[in-house]
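Asks:
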Amino acid sequence: MLGGNLENQNSEEDCKRYCFVVDWYDAVASLTRRYQFLYYPKDKSVEMYEYKKHRVFLRRTVCDNISLEDLYIGSVINLFSRQLNVVDFGDEFTRRELTNQTQKTLGLLNAKAVPKMGEMFEFIQNKGFKITKMKMCVLTRAEAAEFCLGYKDKEFYMKLIENMTSGPVVALELLGDDAICSWLRALGPVNTEEAVASAPLTISAHFGEANLCYGPRCAGEAAQQLEFFFPTSGGIIRRNPVVLEDCTCCVVKPHAVLSGLAPKIIRTITDAGFEITAIQMFHLERLCAEEFLEVYKGVVPEYPSMVTELTSGPCVAIALRAKDAPKAFREMAGPADPEIARHLRPRSLRAQFGIDKIKNAVHCTDLPEDGILEVEYFFKILDR
Numbered sequence: 001m002l003g004g005n006l007e008n009q010n011s012e013e014d015c016k017r018y019c020f021v022v023d024w025y026d027a028v029a030s031l032t033r034r035y036q037f038l039y040y041p042k043d044k045s046v047e048m049y050e051y052k053k054h055r056v057f058l059r060r061t062v063c064d065n066i067s068l069e070d071l072y073i074g075s076v077i078n079l080f081s082r083q084l085n086v087v088d089f090g091d092e093f094t095r096r097e098l099t100n101q102t103q104k105t106l107g108l109l110n111a112k113a114v115p116k117m118g119e120m121f122e123f124i125q126n127k128g129f130k131i132t133k134m135k136m137c138v139l140t141r142a143e144a145a146e147f148c149l150g151y152k153d154k155e156f157y158m159k160l161i162e163n164m165t166s167g168p169v170v171a172l173e174l175l176g177d178d179a180i181c182s183w184l185r186a187l188g189p190v191n192t193e194e195a196v197a198s199a200p201l202t203i204s205a206h207f208g209e210a211n212l213c214y215g216p217r218c219a220g221e222a223a224q225q226l227e228f229f230f231p232t233s234g235g236i237i238r239r240n241p242v243v244l245e246d247c248t249c250c251v252v253k254p255h256a257v258l259s260g261l262a263p264k265i266i267r268t269i270t271d272a273g274f275e276i277t278a279i280q281m282f283h284l285e286r287l288c289a290e291e292f293l294e295v296y297k298g299v300v301p302e303y304p305s306m307v308t309e310l311t312s313g314p315c316v317a318i319a320l321r322a323k324d325a326p327k328a329f330r331e332m333a334g335p336a337d338p339e340i341a342r343h344l345r346p347r348s349l350r351a352q353f354g355i356d357k358i359k360n361a362v363h364c365t366d367l368p369e370d371g372i373l374e375v376e377y378f379f380k381i382l383d384r
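Sequential numbering of the sequence shown, starting at 1, is according to the UniProt record's numbering.
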């Protein structure tokens, strides 16, 4: 009897199919096209159907680069060089199965936490959260008051305003199982002595300081506050604090982000003395990647592959500041080929985190005169 039940359970797992609604922007026709997207976790296969014409768009095909954890409302997936935006669950089964597992919340790093952001990101990731959006912002008192409106009658209201306006903050969209409650538990007690004694594995205890981070209390609050920092429907774009002096650009490539290496890379950069004046997660369309990498077109044979890598998933753009920043960071990044880097500069980023010449962990500004241009491309042109 037990064997029979187990066999039935295995059979059910084998037959599981998840359904999503996805949009793809057709740049040629200037149209957004909608599809039904089916995912089979057993063999990582997908199929797609056109909504309006009710016909097959893509027959069932194995796609090793897509996993179930990549599929949640708001995610962007790359399928055969097309960026698909997941906009909704496609049926009630998928909604029931995944709603709690793919819950989102806001993680806000206050000004005091920003210098420790690499370590913070590592801590957050080790707690089981996936960082799906990221942006450093500076808020006016009026913006902070708007954000904190629901806390106006609380005794900590003014302290919250102060924490959000005393310097740049970093807003994160965190994805995880029961994310809202899990994040609040990860923050720990406000009193650090109490946190060390009763909740030693929390942020408050680990970093020895209270109020470094913030999280919303319920789903409605989480949705509203995520919209505040990451508007989806024509909302206000919060200003980034980028500094265009002594600057250079670092881009943590998609393969490194998807492998969970971004926190370690960011921490390594800040530990080396670079100041981060702006940081943001982007999903680059092919045209943007081609524009950004245009200096390599016709110069290096890997250019098409470089573009493909930069559009294969989320990347993290970072504006760095230091004396002679482009040269200093280029040396820290190391040779483009990680194999060579491991021999010549074993402590460089590409030696530690790179795989090959395309998946080499980070892009760095090569020419000193391009430092400002590359930083501007992400933080003045794309961030608008």
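All C-beta atoms, glycine included, are put in the ideal place defined by N, C-alpha and C.
This structure is a prediction, so every number in the text was calculated from the model and none was measured.
Roughly how far, in whole angstroms, is the beta-carbon of residue 242 from the beta-carbon of residue 278, given that I think they are within contact range, below 8 Å?
Replies: With 8 Å as the limit, residue 242 and residue 278 qualify as a contact, their Cβ atoms being about 4 Å apart.
Asks: Quick test of your reading: residue 169 and residue 109, contact by CB under 8 Å. State the CB separation rounded to the nearest angstrom.
Replies: Right, the Cβ-Cβ distance comes to about 6 Å (below 8 Å), so this counts as a contact.
Asks: If you draw a straight line from the C-alpha of residue 377 to the C-alpha of residue 369, how long is it?
Replies: So the two alpha carbons sit approximately 14 Å from each other.
Asks: Taking all protein chains shown into account, do 16 or more other C-beta atoms lie within 10 angstroms of the C-beta of residue 27, making it buried, or fewer, making it exposed?
Replies: When all chains shown are included, residue 27 counts as exposed.
Asks: Count the other C-beta atoms from every protein chain shown that fall within 10 angstroms of the C-beta of residue 220, then say buried if there are 16 or more, exposed otherwise.
Replies: Result: exposed.
Asks: Just reading off the alpha helix (DSSP H) that residue 157 is part of, what are its end residues?
Replies: 157-165 is the span of the alpha helix (DSSP H), which, as asked, contains residue 157.
Asks: Compute the Euclidean distance between the alpha carbons of residue 383 and residue 195, then round it to the nearest angstrom.
Replies: Their Cα atoms are separated by approximately 38 Å.
Asks: Helix, strand or coil: which one does DSSP assign to residue 101?
Replies: Reduced to three states, the DSSP call for residue 101 is coil.
Asks: So, helix, strand or coil for residue 202, using DSSP?
Replies: In this structure, residue 202 counts as coil in the three-state DSSP scheme.
Asks: So does the segment 261-272 actually touch the segment 114-130, counting three or more Cβ pairs closer than 8 Å?
Replies: Because the criterion of three Cβ pairs below 8 Å is met, the segment 261-272 and the segment 114-130 touch.
Asks: Quick one: measure Cβ to Cβ for residue 126 and residue 177, integer angstroms, because I've assumed they're closer than 8 Å.
Replies: Actually they do not touch by this definition, with Cβ atoms about 15 Å apart.
Asks: Using the C-alpha atoms, what's the distance from residue 89 back to residue 35?
Replies: Near 12 Å, if we compare the C-alpha coordinates of residue 89 and residue 35.
Asks: Quick one: grab the DSSP three-state call for residue 278.
Replies: Looking at residue 278 - three-state DSSP - the assignment turns out to be strand.
Asks: Do you know how far the Cα of residue 68 is from the Cα of residue 9?
Replies: The pLDDT assigned to residue 9 is 46, lower than 50, so where the model puts this residue is not dependable, and the model offers no usable value.
Asks: Quick check on DSSP: helix, strand or coil for residue 85?
Replies: Correct three-state label for residue 85: strand.
Asks: Output yes or no for whether 8 Å exceeds the beta carbon distance between residue 314 and residue 283.
Replies: Closer than 8 Å, so yes.
Asks: Among 202, 179 and 285, whose alpha-carbon lies nearest the alpha-carbon of residue 189?
Replies: Here the closest residue by C-alpha is 202.
Asks: What are the partner residues of residue 126, as DSSP defines its beta bridges?
Replies: DSSP lists no partner for residue 126.
Asks: Roughly how many angstroms lie between the CA atoms of residue 299 and residue 275, to the nearest whole one?
Replies: Cα-Cα distance, rounded: 31 Å.
Asks: Would you kindly work out how many angstroms separate the C-alpha atoms of residue 230 and residue 347, rounded to a whole number?
Replies: Spanning the two alpha carbons is a distance of roughly 35 Å.
Asks: Would you list the residues sitting across from residue 133 in a DSSP beta bridge?
Replies: Partner(s): 173.
Asks: Quick one: residues in its chain with C-beta nearer than 8 Å to the C-beta of residue 380, no 5 flanking neighbours on either side, listed in chain order?
Replies: Counting only Cβ-Cβ distances below 8 Å, and skipping sequence neighbours, we find 242.
Asks: In the DSSP assignment, find the alpha helix (DSSP H) that holds residue 374 and state where it starts and stops.
Replies: Its alpha helix (DSSP H) spans residues 371-376.
Asks: Going by alpha carbons, who is nearest to residue 158 out of 167, 144 and 171?
Replies: Of the candidates 167, 144 and 171, the one whose C-alpha sits nearest the C-alpha of residue 158 is 144.
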